[in-house]
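A.B. asks: Before we start, here is the structure in question, set down as C-alpha cells.
Chains as they are written, first to last, in our numbering: chain A, 345 to 504; chain B, 635 to 918.
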C-alpha cells in the first residue's frame, strides 16, 4: 500500500508516494530525483547518505520515507546557490579533498552542520564529528584540512 | 507492511499488540535488521509522533527521558549531563554523529544487545524503565528489560515509553568506560558503568557497579559494590573492586576478544571508572 508523504526538501514543499518500508534515501533519489545523496553501505556505517532532518544530521538510509511527513529535509542539492559554491565546497576543491566523489555530498552535509554549530572547531573535533563518514580515496587529511580552512575563511569573512 | 504513527502511548500499545508489530524509535537497529532480512515486521509503529516522547523532562526528583529522544539531545541537556555524566559517557559512544542524531537510549535498551553502551551506564545511575502496555503501566529497573541477546521481558503490546533517572544525592559521581580496539565507531568488548556517593569525608556510602559485554546481559556484582562501600576507595578497595568484577564476569570468546582478556580488562575498567566517578563526586 503506497503512502502519500508531504514534506519539505531544501525549503520547498515536496510530496511523493512511497512504500511503507522505503527509506528516505530511496525516496529522495528515486521519487524526487535528488541523486546527490549517495548510497554507500545502506546500513548507517558510511555516511554517504547524510542529510539534515529537522536540524539533526542523520543517515537517510536509516530513516523511513514515511517518517519525513511534515518534517524538513536538507540535502546536498540545497547547498550551492546555482553555480555559486559555498566556501566549504570551494575549499574541498582547493584542497583536493575528493577523488571518486561518492562520499563527498555526505562529507559536505556533515561538515556544514558542524560549522553551523561550531565556527572554530579543533582538528580533533572535526575528526570526531566526521568519524561516521567514510572515504576510501583521500585518507581524510585533505578533507580535514578543507574543513578547517573553510572554518577559518568563514570566521574571517564574518568578522570583516 | 503497514506504517503507523500513533499520537498516544495507548494507541501505540494497541498497535504493538498486533502480530508482527515492531516499535520504531531511532531506527538505527530496526532498519538494519529489516534490510538484512532478520526481521520482517507486519506493522511498524513510529513512536516519534507521540506527544512528550521526544522530550527530556525535569521534575523536582527526576529526569524523564522520552523514548524518542536521540543521543545528541542527551549530550545537549546540561542539567542531565551534570547530574549523571556516566549516562552521557555511555550514550555518546553509540555510533557516529549521524547515529547520535537518531538512536535513543530506550531503543538501545530494547535492542537487548549484551554490548549496548548506554545500558550499564544508565543501570548504574539507577535508571527505571517506564513500561506501558495494553494492561497499563509499570516501572522496572532498566536491567530487568533485556533478558538475553536480542530478547526482552516486555510482554506483547508493551513499550518502554521513557527512562526515569532519580536526581542524584549530593557528592554523587558516575562514569562509564568500555574497551574497544578502535577509538570510535566500535562495539564494546567489555564495559563498566559505576555510580557512587560519598559522605563529607570522602567515604563511599553507596555504589552500584554494572558490567557490560561480559555476559548475556548486564551483570551487577554485589561484591563489587561492597568492595567500595565504607572505604575511601583506596588502593586496597580498588584492587578488591577489580577482583570482584573479574570474578563475576562470564564472557564468551568471539572475534572481538577472548574470554580471558575480557575477564581481566573488565576489572581494569572498573578501577578506572571508579576513579573517574570519585573525581566527579568530589566536583573535580
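Positions of the beta carbon are idealized from the N, C-alpha and C atoms, including for glycine.
1. With a cut-off of 8 angstroms, does the C-beta of residue 454 (chain A) fall near any C-beta of chain B?
2. For chain A, is any of its Cβ atoms less than 8 angstroms away from the one on residue 731 (chain B)?
3. With H, G and I counted as helix, E and B as strand and the rest as coil, what does DSSP make of residue 900 (chain B)?
4. Which whole-angstrom value is the C-beta distance of residue 897 (chain B) and residue 883 (chain B), which I expect to be below 8 angstroms?
5. Within 8 angstroms (strictly less), CB to CB, does residue 437 (chain A) reach chain B?
6. Using a 10 Å radius around the Cβ and a threshold of 16 neighbouring Cβ atoms, would you call residue 437 (chain A) buried or exposed?
7. In three-state terms, what does DSSP make of residue 691 (chain B)?
8. Are residue 759 (chain B) and residue 799 (chain B) touching if we call contact CB-CB under 8 angstroms?
9. Along the chain, where does the alpha helix (DSSP H) containing residue 748 (chain B) start, and where does it finish?
10. Figure out for me which residue from B:732, B:762, B:685 has the closest Cα to the Cα of residue 698 (chain B).
11. Does DSSP classify residue 380 (chain A) as helix, strand or coil?
12. Go through its chain and collect everything with a Cβ distance to residue 431 (chain A)'s Cβ below 7 angstroms, but skip five positions before and after it.
13. Out of curiosity, what's the CA-to-CA distance linking residue 783 (chain B) and residue 754 (chain B)?
14. Return helix, strand or coil for residue 441 (chain A), following the three-state DSSP convention.
15. Output the boundary residues of the alpha helix (DSSP H) element that contains residue 293 (chain A).
16. Report the neighbours of residue 760 (chain B) on chain A: residues whose CB is nearer than 7 angstroms to its CB, in chain order.
17. Could you check what DSSP says for residue 465 (chain A) in three-state terms: helix, strand or coil?
18. Starting from the C-beta of residue 785 (chain B), find all residues in its chain whose C-beta is less than 8 angstroms away, skip the five residues before and the five after it, and write them out in chain order.
19. Just to confirm my understanding: we take residue 871 (chain B), look at its own chain, exclude 5 residues before and 5 after, and list those with CB closer than 7 angstroms. What are they?
20. Could you please give me the residues that DSSP links to residue 766 (chain B) through a beta bridge?
21. Going by DSSP, what residues sit across from residue 358 (chain A) in a beta bridge?
22. With C-beta atoms as the reference, is residue 735 (chain B) less than 8 angstroms away from residue 400 (chain A)?
23. Which partner residues of residue 738 (chain B) appear in the DSSP bridge assignment?
24. Which same chain residues end up closer than 6 angstroms to residue 848 (chain B) when comparing Cβ atoms and leaving out the 5 residues on each side of it in sequence?
25. Measure the Cβ-Cβ separation of residue 907 (chain B) and residue 811 (chain B) and say whether it is below 8 angstroms.
26. Would you please state the rounded distance, in angstroms, between the beta carbons of residue 743 (chain B) and residue 750 (chain B)? I believe it to be under 8 angstroms.
27. At a CB distance below 7 angstroms, what residues from the region 805 to 830 of chain B approach chain A? Give them in sequence order.
28. What is the rounded straight-line gap between the Cα of residue 475 (chain A) and the Cα of residue 667 (chain B)?
29. Based on Cα-Cα distance, which residue from B:654, B:905, B:740, B:802 lies nearest to residue 776 (chain B)?
30. Three or more beta-carbon pairs under 8 angstroms between the region 667 to 677 of chain B and the region 701 to 710 of chain B, yes or no?
31. What does DSSP give as the partner residue(s) for residue 680 (chain B) in the beta ladder?
32. State the CB to CB distance for the pair residue 657 (chain B) and residue 665 (chain B), rounded to an integer number of angstroms; the pair is presumed to be in contact (CB under 8 angstroms).
33. Indicate the three-state DSSP secondary structure (helix, strand or coil) for residue 839 (chain B) in the structure shown.
34. At least one CB of chain A closer than 8 angstroms to the CB of residue 706 (chain B): is that the case?
35. Between residue 666 (chain B) and chain A, is any beta-carbon pair separated by less than 8 angstroms?
C.D. replies: By the coordinates alone:
1. Residue contact check for residue 454 (chain A) against chain B: a CB pair falls below 8 angstroms.
2. By this cut-off, residue 731 (chain B) is an interface position.
3. In the structure shown, residue 900 (chain B) adopts helical secondary structure according to DSSP, grouped into three states.
4. The Cβ separation is near 5 angstroms, so the contact holds.
5. The beta-carbon of residue 437 (chain A) is placed no less than 8 angstroms from the nearest beta-carbon of chain B.
6. Exposed, by the Cβ-count rule.
7. Judged by DSSP in its simplified three-state form, residue 691 (chain B) adopts strand.
8. Here residue 759 (chain B) is near residue 799 (chain B), since their CB atoms are less than 8 angstroms apart.
9. Counting along the chain, residue 748 (chain B) falls outside any alpha helix (DSSP H), and DSSP gives it neither H nor E.
10. Cα-wise, what sits closest to residue 698 (chain B) is B:762.
11. In the structure shown, residue 380 (chain A) falls within a coil segment according to DSSP collapsed to helix, strand and coil.
12. By the criterion of a C-beta distance shorter than 7 angstroms, residue 431 (chain A) is surrounded in its chain by 494, 497, 498, once the five residues flanking it on both sides are discounted.
13. Taking the straight line from one Cα to the other gives about 15 angstroms.
14. Coil, per DSSP.
15. No information on residue 293 (chain A) is available, as it lies outside the stretch 345 to 504 that chain A covers here.
16. Within chain A, not a single residue places a beta-carbon under 7 angstroms from that of residue 760 (chain B); the smallest gap is close to 29 angstroms.
17. In this structure, residue 465 (chain A) counts as coil in the three-state DSSP scheme.
18. Take residue 785 (chain B), set aside five residues on each side of it, and the residues of its chain with a beta-carbon closer than 8 angstroms to its own are 746, in chain order.
19. Within the same chain, and ignoring the five residues on either side of residue 871 (chain B) in sequence, the residues whose Cβ sits closer than 7 angstroms to its Cβ are 861, 862, 865.
20. Here residue 766 (chain B) is bridged, per DSSP, to B:771, B:793.
21. Residue 358 (chain A) is bridged by DSSP to A:351.
22. Yes.
23. Partner residues in the beta bridge of residue 738 (chain B), as assigned by DSSP, are B:704.
24. Only residues of its own chain outside the window of five on either side were considered, and among them 824, 883, 885, 896, 900 have a CB closer than 6 angstroms to the CB of residue 848 (chain B), listed in chain order.
25. For residue 907 (chain B) and residue 811 (chain B), yes; Cβs fall inside 8 angstroms.
26. Between the beta-carbon of residue 743 (chain B) and that of residue 750 (chain B) there is about 7 angstroms, and that keeps the pair under the 8 angstroms contact cut.
27. Taking 7 angstroms as the Cβ-Cβ cut-off against chain A, the residues of the region 805 to 830 of chain B that qualify are 818, 819.
28. Cα-Cα distance, rounded: 23 angstroms.
29. Considering only alpha carbons, the answer is B:740.
30. With a cut-off of 8 angstroms, the region 701 to 710 of chain B and the region 667 to 677 of chain B do not count as touching, because too few Cβ pairs lie within range.
31. Residue pairing for residue 680 (chain B): DSSP places it in a beta bridge opposite B:658.
32. Incorrect: roughly 13 angstroms between the Cβ atoms, too far for contact.
33. Per DSSP, reduced to three states, the secondary structure at residue 839 (chain B) is strand.
34. Closer than 8 angstroms: yes.
35. It does: the Cβ of residue 666 (chain B) has a partner Cβ on chain A nearer than 8 angstroms.
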